[in-house]
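Chains A and B, in that order, give the protein sequences. Residue numbering for the first sequence follows my numbering, beginning at 1 and increasing consecutively. Residue numbering for the second sequence follows my numbering, beginning at 1001 and increasing consecutively. Beta carbons are placed, not taken as given, at the ideal position from N, Cα and C, and that holds for glycine.
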Amino acid sequence: MSALVFLLALPLVAALAALVAPRGAPALTLISAAAGVGAALRLAQTVAQGGVQEIALAGWAPPLGITVAADGLAVAFLLMTALVMLAVALAARAELAPERAGARVAFGFWPIALLLWGSLNAVFLSRDLFNLYVGIELLTLAAVALVALSGKAGALVAAMRYMIFALAGSLLYLLGVVLVYGAHGTLDVGLLADRTVADPDALALALMTAGLAAKTALFPFHVWLPPAHAGAPAPASAMLSGLVPKASFVILIRLWFEAMPDQAGSGALLLLGLMGAAAVIWGSLRALSQPRLKLIVAYSTVAQLGYMFLIFPLAGGDGAAQPWAAGAWTGGMFQALSHGLAKAAMFLCAGLWIIAAGGDRLADLRGLARPMPMTAMAFGLAAVTLMGLPPSGGFTAKYLMMTAAFASGQWGWALVLAGGGLLAAAYLYRPMAEVFARDCPITPQPIPRAWQLVPLALAVAAIMLGLISAPPFDLLQVGRPEAAEEGL
Amino acid sequence: MTGAAALMLDLLLVVLVAFAGWAALAGRGVFRAVVFFIAYGLLVALGWVRLGAVNVALAEAAIGAGLTGVLLLATVGRLERAGAARDVPLMRGAAAWVPALAGLAVTGALVWAWFALPLPESPGPQLAEALPRSGVENPVTAVLLNFRSWDTLLEAIVLLAALLGVWMLGRDGDWTAPLGLRQHVREGGVMAGFGRVLPPLGLLVGVWLLWAGADAPGGAFQGGTVLAAVIVVALMAGVAAPPGVDALPLRVALVLGPGVFLGAGLVLAALGAGFLTLPEAQAKAVIVAVETALTLSIAVTLAGLVLGPPTAPNGAAARTPDGARP
Chain A
1 MSALVFLLAL PLVAALAALV APRGAPALTL ISAAAGVGAA LRLAQTVAQG
51 GVQEIALAGW APPLGITVAA DGLAVAFLLM TALVMLAVAL AARAELAPER
101 AGARVAFGFW PIALLLWGSL NAVFLSRDLF NLYVGIELLT LAAVALVALS
151 GKAGALVAAM RYMIFALAGS LLYLLGVVLV YGAHGTLDVG LLADRTVADP
201 DALALALMTA GLAAKTALFP FHVWLPPAHA GAPAPASAML SGLVPKASFV
251 ILIRLWFEAM PDQAGSGALL LLGLMGAAAV IWGSLRALSQ PRLKLIVAYS
301 TVAQLGYMFL IFPLAGGDGA AQPWAAGAWT GGMFQALSHG LAKAAMFLCA
351 GLWIIAAGGD RLADLRGLAR PMPMTAMAFG LAAVTLMGLP PSGGFTAKYL
401 MMTAAFASGQ WGWALVLAGG GLLAAAYLYR PMAEVFARDC PITPQPIPRA
451 WQLVPLALAV AAIMLGLISA PPFDLLQVGR PEAAEEGL
Chain B
1001 MTGAAALMLD LLLVVLVAFA GWAALAGRGV FRAVVFFIAY GLLVALGWVR
1051 LGAVNVALAE AAIGAGLTGV LLLATVGRLE RAGAARDVPL MRGAAAWVPA
1101 LAGLAVTGAL VWAWFALPLP ESPGPQLAEA LPRSGVENPV TAVLLNFRSW
1151 DTLLEAIVLL AALLGVWMLG RDGDWTAPLG LRQHVREGGV MAGFGRVLPP
1201 LGLLVGVWLL WAGADAPGGA FQGGTVLAAV IVVALMAGVA APPGVDALPL
1251 RVALVLGPGV FLGAGLVLAA LGAGFLTLPE AQAKAVIVAV ETALTLSIAV
1301 TLAGLVLGPP TAPNGAAART PDGARP
């Protein structure tokens, strides 16, 4: 069986098994995640050597059937997701054990986390607009359940608000899909790229983009995100913040760069870029004034997701071939990947500190670097990535986008990139200053070294994405859409 | 039906659908809104019949109006028992106008799109050519369980995710309790009688819908919804007691459908046909097996959604079908 089908089926099979045999669920999730990393690496190798791998599921070619395809973009996200899932499985084994989290959470977390993983893999690989809808529906329901997991009143309110936003987003996306199908009789991204343009296409793309923007928490649709991501248990927050928004973002990329690049008007590109810039600034400013670590990290997600939308204006511009567009596109992908790793690491750090110190108010964290140096190191490395400092994956991302901004003469976006980095340094300085304080007023609960190693590994991976950036860079170019090369 | 009569009926339906929709949204009473929502769903189902989409009509009536209506009514009931039921204040000012204008704008855009849409050249011809090789005669079933089976597999798992989410809303202390609130049935009362008469009839209808789905409108989702109603009525009548989450048969029943579906897909891949690829000769047999397992799982999952999370008897106040507290 191909690694592609394996990655589609594995999380779903594991989720069903975890539901039937809950006692074995933690071990099963761990083994599955490890196997998932292996399969993603193998698929990456196949794609790097043999190009895009495509399968017509059920043996029916579009427009009847559904195509799944592993290009460089899909494989990079599959691998990042599998790595985060492996770390989450390790962290949750300790943090969400029945005696610590209760029987309800210890039962529900595993199948829900596996379903979330399965839906992410399905979305990254799918080339069918309706199948993508089903994928993000599964993703949304699993994510809402994770937000509600703690059972606290605040978390339930956040889950409800998240669900209303996400379902409104689903509905808008589905409306757009209906229009596309009505006009072209196909849902396949590849066939749509070669379609005869119809009048309602712009409306369909606008509806789908609005829906997906709400799901990606793009400013001003971000209000649901901070309470939802901060209220969940740390391993759940790591998935919610690091992985979930990337699915709707990847669908946006498929729509704008692959299915309908012809509909990308300069006004729409500018609007997306402005919303991204507003997210960077507003999310960072809000992060600066938060009293609790998890809220700082959650608002930072709002800001970091904003950068990804700068690639729309950066890859746009006037019709002629644009050598900088590919840089902007690849930079956006590096940003999404390194943020996924670094943000998951940060939430897992926060989880360990909450166990050690009993809370995540900034004052609670005072001096924790001394008893927990590895966790402090992990948080620091993740912060380096979010600030976009060399030699991290975040630096590669911003370097590529910055180059595109200068080369295309769009200086304004470069200011946002630089200013966002400074703001990130400012809002991450506050928790870092507390953690690295010399005095530790409390005696924290001891945390085993093995637990601390997990976020550290993720943070190191985010750094490696910049240190050894050539292989992921080359991988992302496999099957890169033409529009990413020539500009929107 | 003559053209004029059909036109009158269609116009009447359009007016009624719009009225029921408006009545569900306007006004303060939550119960009233739910009742109009159910009426709205049934009228929309009639609309689908008029459009010739009988499969969609069955799904809309069973799930859109029936199941969703029951879930909403159960929510109203829970709110009343918790003393949290209150009328919804009417929205005023920007809170009313912004969504109303946004809704109008989307509606207007869709009306424009309706006239602007070209007639697509696909997938009509491809569908006509492929249908004889799909193993079933009902084109909807062919799409759901053969051409686009990956969608349907994921949809079945979406239901499971929804149920897990509902279970996570229970209280920690109630986790080992049976699902849902306790039922108290008056001996010889209406509910006790219904509970013994309706389930066998419902069982027949549900199985018929499943079986008919191969060649006529119907299928796993419609049949499963009817069977879910059978389960809920039987439990409400006290014919059987609801299980808890720790009951292995319950959990096996939940995963059976998606499990058989996924397993069949993987076995076909291992045999060299490709993931979820049905060889023409075996297509019908595999589809019937998968649909049967799916129907059972859908029925149990939907019934689970109606029952709600595990609830200890002394947690929320127990209820009787007559509405009195014991």
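The continuous beta strand (DSSP E) containing residue 67 (chain A) extends over residues 66-70. The beta carbons of residue 295 (chain A) and residue 391 (chain A) sit no closer together than 8 Å.
When Cβ-Cβ separations below 8 Å define contact, residue 121 (chain A) makes no contact with chain B.
At a cut-off of 8 Å between beta-carbon atoms, residue 1168 (chain B) makes contact with chain A. At a Cβ-Cβ threshold of 8 Å, residue 121 (chain A) and residue 186 (chain A) do not count as neighbours. For residue 1138 (chain B), no Cβ of chain A is located within less than 8 Å of the residue's own Cβ. Counted as a single uninterrupted DSSP element, the beta strand (DSSP E) harbouring residue 55 (chain A) occupies residues 53-57. Linking residue 396 (chain A) to residue 208 (chain A) through their CA atoms gives a straight-line distance of about 30 Å.
The beta carbon of residue 211 (chain A) sits no closer than 8 Å to any beta carbon of chain B.
In the three-state reduction of the DSSP assignment, residue 188 (chain A) falls in the strand class, which pools E and B. Taking 8 Å as the cut-off, the beta carbon of residue 1238 (chain B) is found closer than this to the beta carbon of residue 1195 (chain B).
When the Cα atoms are used, residue 128 (chain A) and residue 1086 (chain B) turn out to be separated by approximately 44 Å. Across the set A:372, A:9, A:477 and A:61, the C-alpha of A:372 shows the shortest separation from the C-alpha of residue 355 (chain A). Annotation: residue 30 (chain A) to residue 1200 (chain B) spans about 45 Å, alpha carbon to alpha carbon.
In the DSSP annotation of this structure, residue 152 (chain A) is not part of any alpha helix (DSSP H), being labelled neither H nor E. Assigned with DSSP and collapsed to three states, residue 1179 (chain B) falls in strand.
Closest in C-alpha terms to residue 10 (chain A), from the list A:64, A:22 and A:34, comes A:34.
Interface flag for residue 104 (chain A) against chain B is set, since a Cβ pair is found closer than 8 Å. Listed along chain A, the residues sitting closer than 8 Å to residue 1121 (chain B) by beta-carbon distance are 185.
Between the C-alpha atoms of residue 266 (chain A) and residue 1211 (chain B) there is a straight-line separation of about 54 Å. About 27 Å separates the beta carbon of residue 217 (chain A) from that of residue 200 (chain A), a gap too long to meet the 8 Å contact definition.
The beta carbon of residue 367 (chain A) is closer than 6 Å to those of 437, 439 and 440 in its chain, skipping five residues each way along the sequence. The CB of residue 199 (chain A) comes closer than 7 Å to the CB of 1116 in chain B, given here in chain order. Put simply, the CB of residue 63 (chain A) is near chain B, with a gap under 8 Å to one of its CB atoms. Distances from the alpha-carbon of residue 1246 (chain B) to those of A:480, A:21 and A:4 put A:21 closest.
If you check each beta-carbon in the segment 134-155 of chain A against every beta-carbon of chain B, the ones closer than 8 Å belong to 134, 135, 137, 138, 141, 142, 144, 145, 148, 149 and 151. Residue 126 (chain A) has A:68 as its beta-bridge partners, per DSSP. The alpha carbon of residue 1140 (chain B) has as its nearest neighbour, out of B:1297, B:1216, B:1251 and B:1015, the alpha carbon of B:1216.
Against residue 130 (chain A), the close residues of chain B are 1148 and 1151, in the order they occur along the chain (beta-carbon pairs closer than 9 Å). The alpha-carbon of residue 241 (chain A) is positioned some 28 Å away from that of residue 1308 (chain B). Considering only A:380, A:387 and A:3, the residue with the shortest C-alpha distance to residue 68 (chain A) is A:3. Secondary structure of residue 292 (chain A) (DSSP, three-state): strand. Closest option to residue 1219 (chain B), judged by alpha-carbon separation, among B:1017, B:1091, B:1142 and B:1032: B:1142. For the segment 53-81 of chain A, the set of residues with a beta-carbon nearer than 9 Å to any beta-carbon of chain B comprises 55, 56, 57, 58, 59, 60, 61, 62, 63, 64, 65, 66 and 68, in chain order. Counting only the Cα atoms, residue 214 (chain A) lies some 28 Å from residue 1170 (chain B).
Scanning chain B for C-beta atoms nearer than 8 Å to the C-beta of residue 238 (chain A) yields nothing, as the closest lies near 18 Å away.
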